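Q: Numbering (the UniProt record's numbering), first residue to last: 1 to 441. Glycine residues also receive a C-beta, built at the ideal position from the N, C-alpha and C atoms. From a predicted model like this one, the values you see are computed outputs, not experimental measurements.
1) With a threshold of 16 other CB atoms inside 10 Å of the CB of residue 367, please say whether the residue is buried or exposed.
2) Please state the DSSP three-state secondary structure of residue 380.
3) Checking 9 angstroms against the spacing of the C-beta atoms, do residue 117 and residue 158 come in under that value?
4) Between 61, 418 and 318, which lies nearest to residue 73 when the distance is taken from Cα to Cα?
5) Secondary structure at residue 112, three-state DSSP: helix, strand or coil?
6) What is the C-beta distance between residue 202 and residue 229, in whole angstroms, given that I count them as a contact (C-beta under 8 angstroms)?
7) Considering just the uninterrupted stretch of the beta strand (DSSP E) at residue 319, what are its terminal residues?
8) Could you tell me how far apart the beta carbons of residue 390 and residue 363 are, in whole angstroms, since I believe they sit closer than 8 angstroms?
9) Measure the C-alpha to C-alpha separation of residue 134 and residue 355 and round it to an integer number of angstroms.
10) What residue range does the alpha helix (DSSP H) around residue 167 cover?
11) Put residue 66 into one of helix, strand or coil per three-state DSSP.
12) So, helix, strand or coil for residue 425, using DSSP?
13) State the start and end residues of the unbroken beta strand (DSSP E) segment that holds residue 154.
14) Taking the alpha carbon of residue 357 as the reference point, which residue from 372, 349 and 297 has its own alpha carbon closest?
15) Buried or exposed: which applies to residue 339, given that a residue is buried once 16 or more other Cβ atoms fall within 10 Å of its Cβ?
16) Could you tell me whether the segment 330-338 touches the segment 304-319, where touching means 3 or more Cβ pairs closer than 8 angstroms?
17) Where residue 79 and residue 270 are concerned, what is the direct C-alpha to C-alpha distance, given to the nearest angstrom?
18) How should residue 105 be labelled, buried or exposed, when 16 other C-beta atoms within 10 angstroms of its C-beta is the threshold for buried?
19) Which residue's Cα is closest to the Cα of residue 50: 70, 97 and 89?
20) Residue 79 lies in the alpha helix (DSSP H); which residues open and close that run?
21) Label residue 341 either buried or exposed according to how many other C-beta atoms from any shown protein chain fall within 10 Å of its C-beta, with 16 as the threshold for buried.
22) Taking residue 443 as the reference, which of 205, 248, 300 and 175 has the closest Cα?
23) Going by C-alpha distance, which of 431, 312 and 98 is nearest residue 412?
24) Using a 10 Å radius around the Cβ and a threshold of 16 neighbouring Cβ atoms, would you call residue 424 buried or exposed?
25) What runs of the beta strand (DSSP E), each 3 residues or longer, lie entirely inside the segment 199-239?
26) Below 8 angstroms on the Cβ atoms is my guess for residue 284 versus residue 441; work out the distance and round it to an integer in Å.
27) Do residue 209 and residue 227 have their C-beta atoms within less than 9 angstroms of each other?
28) Please confirm whether residue 255 and residue 278 have their CB atoms less than 9 angstroms apart.
29) Pull up the distance between the alpha-carbon of residue 24 and that of residue 211, whole angstroms please.
30) List the residues that DSSP assigns as beta-bridge partners of residue 284.
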C-alpha cells in the first residue's frame, strides 16, 4: 500500500505501466553498424507490469501554473520511498512528459524490494546556478543512487544540468548523476545536457549497461566527462553520442571488463583510461575494449594517462575499428600526466602492457604535431604495444602534405602491418622492469 506524501491529503493513484525498453540511436547517427534488433514485446496479459508512482501524485508541481521554479524534492523523495518499498515485482517512478521538475541535491537509497525503473519522460533539473543552490546541500553531487541494485534509469525526457553558471568558478562544482555501490544498473535512452561537472558517474558498481545515451555540453565546459567509471566491473557503454568539454568516456582505477561500442564522441578529449596513479596511488585497469567508435574534432582520440609516482598496471586493452576526424592527438600514452607545470619525475609508474590499436583510421590536425605519441615512463617501459591497420592522415585533403612522425619514448612493441604514419620508433623486445613488485595487480 502506498503512502501519500505528507504535504498532500489525496491518496496517490496507482497505474499499471509496462517496463521501458532501451531506445537505440538511429543508424545514421551511431558511428557504426546498427545495434541488433530489440526482442519482441512480451504478450499482452503477462506479469511484466508493475506499479507506477507518478511524482505528481506525491505533490510535484512540474511547472504547474507557468512556474518551473518550485522545489519538487519532497515529492520525489516520497515517490522513491513508496516505489522502493512496493510489494510488486517491478515498479516505476514516473517523471511525466508534460512537466519541468526541479529538485535539490538528493540521495535515492536502496536496497529496494522490486526491480525499479526511474522513468524520466519530462525535464528534470537542479536549481539554476550557485545563487539558487541551497546552502545546506552538498555541492559535490546532485543526484546519487546508493545501493540501488537492479535499477533502470530511462526515458524520453531530458536531464538539464544548468551548468553554465558553474563552469567559470574556481572550485569544482557538483557531479550530475552518480551511482554508488549499485549493481545490475541500466541507463538507456536519456538526454543529459550541460552538467556542471561529470554527467554520469559510476563508483564501486558491478554489471552496468549504458545504452542509447545522448550527452550535450559545449566544448568549453570544463571537467564535463560524459561517462566515468571508477572501481567498477562488467560495464557496457553502447550506441551513444557524447558531445562535451572533457573525456567522452573515462575509465578510472579499479575497472575491468569494460566494453565500449558504437559510440560517437565530439569536440572533447576523446576516450581515456585514467588518469591513474595520482598522489602515488596504486591503480589497476584490465580487459578494456573499444570498438566501432567515431571521434570528431577533439583534442585527443584514444588516450592512456598516468601520473608519475603511481603503481599498478594497465593491461589487456584493445582499440579497434575507430574512425577519427580532425583530432589533434589521435593515439596517446602519456605517463607524465600533470595538470600544472613542474611535476617531478619519479622512479615508479603504473605499468602499461598489452595494448592493441587495430583498424584506426581518419584525420589529424596537422598543426598539433605528432598524431601518435607514446611517452612511457623512464623506469617502467610500455610493453606489448601492437599497431595494425592504423592510417592517420593530415586533415584538409592536401595529398602532398607531409606525415608528422610519431613520438615514442621507452615504448616496446610491433607493427603488424605498415601504419601511416609508420611507427618506426617502437622498440623491439620486452625489457625487464625494475619495478615489477610495484606493478602487479
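A: To lay it out plainly:
1) With fewer than 16 Cβ atoms within 10 Å of its Cβ, residue 367 is classed as exposed.
2) If DSSP states are grouped into helix, strand and coil, residue 380 belongs with coil.
3) No, they are not a contact pair.
4) Looking at the Cα atoms, 61 is the closest of the given residues.
5) Secondary structure of residue 112 (DSSP, three-state): coil.
6) Confirmed, about 5 angstroms.
7) 311-327 is the span of the beta strand (DSSP E), which, as asked, contains residue 319.
8) At roughly 13 angstroms, the Cβ-Cβ gap does not stay under 8 angstroms, so residue 390 and residue 363 are not in contact.
9) Cα to Cα, the separation comes out at about 46 angstroms.
10) Element bounds for residue 167: n/a, residue is neither H nor E.
11) Residue placement at residue 66 is poorly supported in this model, since its pLDDT is 40, which falls under 50; the coordinates still yield a value, given next. Secondary structure at residue 66: helix, using DSSP grouped into helix, strand and coil.
12) Looking at residue 425 - three-state DSSP - the assignment turns out to be coil, as it is neither helix nor strand.
13) Boundaries of the beta strand (DSSP E) harbouring residue 154: 151-154, taken from the DSSP string.
14) Nearest C-alpha to residue 357: 372.
15) It counts as exposed.
16) Taking 8 angstroms as the limit for Cβ pairs, the verdict is that the segment 304-319 does touch the segment 330-338.
17) Roughly 38 angstroms between the two C-alpha positions.
18) So residue 105 ends up on the buried side.
19) Selected option, being the one with the closest Cα: 89.
20) Taken as a continuous stretch (DSSP letters only), the alpha helix (DSSP H) holding residue 79 covers 73-84.
21) Exposed.
22) The chain is shown only over 1 to 441; residue 443 falls outside these bounds and no answer can be derived.
23) Residue 431 is the option with its Cα nearest to residue 412.
24) By the C-beta density criterion, residue 424 is exposed, having fewer than 16 other C-beta atoms within 10 angstroms.
25) Taking only runs of at least 3 residues, the beta strand (DSSP E) segments lying wholly in the segment 199-239 are 200-203, 206-211, 214-216 and 227-230.
26) Confirmed, about 4 angstroms.
27) Going by C-beta atoms, residue 209 is not nearer than 9 angstroms to residue 227.
28) No; because the gap between Cβ atoms is not below 9 angstroms, this pair is not in contact.
29) Because residue 24 carries a pLDDT of 40, less than 50, the predicted location of this residue cannot be relied on, and the following value inherits that uncertainty. Those two C-alpha atoms are separated by around 7 angstroms.
30) For residue 284, which the question treats as bridged, DSSP gives the partners 313.
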